[in-house]
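Under this note's numbering, the first residue of the sequence shown is numbered 417, with each subsequent residue one higher. Accompanying notes for the structure given below.
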Amino acid sequence: MNIILLGPPGAGKGTQATNLEERHSMLQLSTGDMLRETRKADTELGRQVADVMDSGALVSDEIVSAMIDAKLESMDDSIGAIFDGYPRTAAQAHSLDDILAKHGRKLDHVIELAVDEDALVDRITGRFTCANCGEGYHDRHKQTAESGVCDKCGSTDFKRRPDDNEETVRTRMQEYRAKTAPILPIYEERGIVTRVDGMASIDEVTAALDAILS
Ligand code: AMP
417 MNIILLGPPG AGKGTQATNL EERHSMLQLS TGDMLRETRK ADTELGRQVA
467 DVMDSGALVS DEIVSAMIDA KLESMDDSIG AIFDGYPRTA AQAHSLDDIL
517 AKHGRKLDHV IELAVDEDAL VDRITGRFTC ANCGEGYHDR HKQTAESGVC
567 DKCGSTDFKR RPDDNEETVR TRMQEYRAKT APILPIYEER GIVTRVDGMA
617 SIDEVTAALD AILS
């Protein structure tokens, strides 16, 4: 099973991808996470990627498609792929078709997480994660049980994404509206799109996704 989670920044794609990984034989392929690794490197590419990400614009189609191709190359055939944050443009959608065909895979579902955009800025600007285990938290909606201590692993080290500020978030949403939302019809024509209410609770969204995958 190979699926795409589609939705604007803050729709819950990453959270849901992690939930699905745990219960299904699937792996999250997040181009955002891959690029965050790339930007850590003290190289020309790392610096270029960091500048683009911090502005909220999109990294080039060639770079992200090559990352997805390499990741699938390294994956066992029996493991399904959850594409999170990819494809984001029509060119990437076409590349994904070629890449999947090359690896003998097919796309089973495109799941659109539908959300109210005004709520997204609130969601994104308050989120942070445990620097040790990656557990997600929120200033207003999901605080740690004990202040400053991760519920899951006990670490006191937390981090925030540099692009989770209001100005960059607005640009990321514009990019989504202009370049990513228009790829939905490509998949609608194939009859593989399901819309899920991304404003429901995390557990409700997970249950809806489970029902689609079962
Ligand atoms: P995300 O973690 O998916 O919100 O992505 C964070 C940032 O990484 C985006 O705002 C883009 O700058 C970049 N990015 C992630 N995935 C892609 C992609 N598929 N195409 C182009 N840029 C991407």
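In this text, a Cβ means the ideal position worked out from N, Cα and C, and glycines have one as well. On a predicted model such as this, the values are computed, not experimentally measured, just so you know.
query	result
The stretch 596-603 touching the stretch 500-519, judged by at least three CB pairs closer than 8 Å	yes
C-alpha gap between D538 and R593, whole angstroms	18 Å
The stretch 614-621 in contact with the stretch 428-448 per 3-pair CB rule at 8 Å	yes
Cβ neighbours of E437 in the same chain (closer than 8 Å, five flanking residues each side left out)	L443, Q444 and I498
Any C-beta of chain D under 9 Å from that of L461	No chain D appears in this structure, which consists of one protein chain only.
Three-way DSSP call (helix, strand, coil) for H557 in this model	coil
Residue range of the beta strand (DSSP E) that includes I527	H525 to A530
Inter-stretch contact at 8 Å, needing at least 3 Cβ pairs: the stretch 511-531 / the stretch 550-570	no
Distance cut-off 8 Å: S476 Cβ against heavy atoms of ligand 1	yes
Cβ-Cβ distance between V612 and I527 below 9 Å	yes
Beta carbon of S511 nearer than 9 Å to that of S490	no
Whole-Å CB distance - G415 paired with D579, under 8 Å assumed	A question about residue 415 goes unanswered here, because the residues of the chain that appear run from 417 up to 630.
8 Å contact criterion, which V531 and A627 should meet: CB distance rounded	That belief does not hold up - the Cβ atoms of V531 and A627 are roughly 19 Å apart, past 8 Å.
beta-carbon E583 near ligand 1 non-hydrogen atom, thresh 8 Å	no
Cβ neighbour criterion (16 or more within 10 Å) applied to L461	exposed
Rounded C-alpha distance that separates K487 from E591	25 Å
Nearest-angstrom beta carbon gap, N548 and S571 [assumed within contact, 8 Å]	4 Å
Local Cβ density within 10 Å of D500, reported as buried at 16 or more and exposed below that	buried
P503 Cβ short of 8 Å to ligand 1 heavy atom set	yes
Pairwise C-alpha distance: D513 and R463	30 Å
Beta bridge counterpart(s) of V609 as assigned by DSSP	V526
Pairwise C-alpha distance: F544 and E533	19 Å
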